[in-house]
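Straight run, no breaks: the sequence shown in this note's numbering ends on number 177. We put the CB at the ideal spot given by N, CA and C, even for glycine.
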Amino acid sequence: MATFPAASERYSKPAIFFHWAIFLLVALAYLAIEVRGPKGTDSRAFWSNVHFWAGTLVLALAVLRLIWRLWQGAPHEIDSNRVLTFLSRLVHLALYVFIFVQPLLGILMINTGGHPVTLAGLDLQIVIADADPLARKVLKDVHELIGNAFYWVIGIHALAAIAHHLIFRDNTLRRMI
Ligand code: HEM
Ligand code: HEM
Numbered sequence: 001m002a003t004f005p006a007a008s009e010r011y012s013k014p015a016i017f018f019h020w021a022i023f024l025l026v027a028l029a030y031l032a033i034e035v036r037g038p039k040g041t042d043s044r045a046f047w048s049n050v051h052f053w054a055g056t057l058v059l060a061l062a063v064l065r066l067i068w069r070l071w072q073g074a075p076h077e078i079d080s081n082r083v084l085t086f087l088s089r090l091v092h093l094a095l096y097v098f099i100f101v102q103p104l105l106g107i108l109m110i111n112t113g114g115h116p117v118t119l120a121g122l123d124l125q126i127v128i129a130d131a132d133p134l135a136r137k138v139l140k141d142v143h144e145l146i147g148n149a150f151y152w153v154i155g156i157h158a159l160a161a162i163a164h165h166l167i168f169r170d171n172t173l174r175r176m177i
């Protein structure tokens, strides 16, 4: 019998690559912000650049990842109760939205502050909005709020994956590796 891509047991190799590459870049973006140090220091400039690079790459990979997901689908959900299935779909949707919205907010925040986004070592200026001090304030607050909230969402998602592996002993984590 022919198997459709969506019914195959594991996530496809590209889907697995996108998942873990984006995970590492998000972790790097968080790390860079945590260790950047006080304003005006070399450390601040270096880690801010790392933050912009990692965050912008998240957005670029998110676009490719979404295209791949729409093209290829995903493996069938592992049987579970309705509430858990609903919650896992909700968290996955939130994570998809996050990898688009959070980098976009960062870029918009810098643009509305009157600057292009520059990626160190690359001759490229990203400008998608004009200067707007009021908008910048709101964008900064939302970027911070979402950034802080998603520590928790990502943590819950990771804990759920580990619980599937260690407690329910099903295939959930294995098929994403
Ligand atoms: C997935 C990607 C990203 C994540 C997870 C993320 C997360 C964060 C977090 C947690 C903070 C610190 C908030 C606080 O102080 O409480 C922050 C600050 C900041 N982010 Fe991002 N960010 C991402 C992408 C970007 C991108 C692409 C840019 C711009 C190119 C950007 C620009 C900034 C700036 C300028 C700040 C400092 C705001 C300030 O202190 O004035 N971020 N980000
Ligand atoms: C920035 C961090 C992360 C993001 C943005 C993220 C995002 C996502 C998204 C959007 C999906 C749904 C994939 C799809 O159906 O197309 C997913 C699935 C999955 N993630 Fe993550 N993830 C992150 C971190 C982690 C970590 C740390 C783990 C493990 C400890 C993990 C384990 C999994 C597993 C096992 C699946 C498959 C779930 C299933 O088959 O239902 N993820 N992730």
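- The C-beta distance from Leu95 to His157 rounds to 6 Å, short enough to fall under 8 Å.
- The alpha-carbon of Gly37 is positioned some 9 Å away from that of Ala45.
- With a cut-off of 8 Å on Cβ pairs, the segment 72-92 is not in contact with the segment 114-126, counting fewer than three such pairs.
- DSSP places Pro103 inside the alpha helix (DSSP H), whose first and last residues are 82-112.
- Just so you know, the alpha carbons of Thr41 and Asn49 end up roughly 13 Å apart.
- DSSP, reduced to helix, strand and coil, places Val58 within a helical segment of the structure shown.
- Looking at the backbone, the Cα of Glu77 and that of His92 are separated by about 12 Å.
- Across the set Ile177, Phe23, Ile167, Val153, the C-alpha of Val153 shows the shortest separation from the C-alpha of Arg89.
- When DSSP states are grouped into helix, strand and coil, Val63 belongs to the helix group.
- A Cβ-Cβ separation of about 6 Å places Ala54 in contact with Ala32 under the 8 Å criterion.
- In the structure shown, the three-state DSSP call for Val117 is strand.
- Per DSSP, Phe168 is not a residue of any alpha helix (DSSP H), being assigned neither H nor E.
- Contact annotation: the segment 62-78 touches the segment 11-30, with at least three C-beta pairs closer than 8 Å.
- When DSSP reads this structure, Ile126 sits in a beta bridge with Val117.
- Relative to ligand 1, the beta carbon of Gly37 is positioned no closer than 7 Å to any heavy atom.
- Boundaries of the alpha helix (DSSP H) harbouring Ala158: 133-163, taken from the DSSP string.
- A check of alpha carbon separations from Gly147 across Trp47, Thr56, Pro103 identifies Pro103 as the nearest.
- Rounded to whole angstroms, the gap between the alpha carbons of Leu173 and Val97 is 22 Å.
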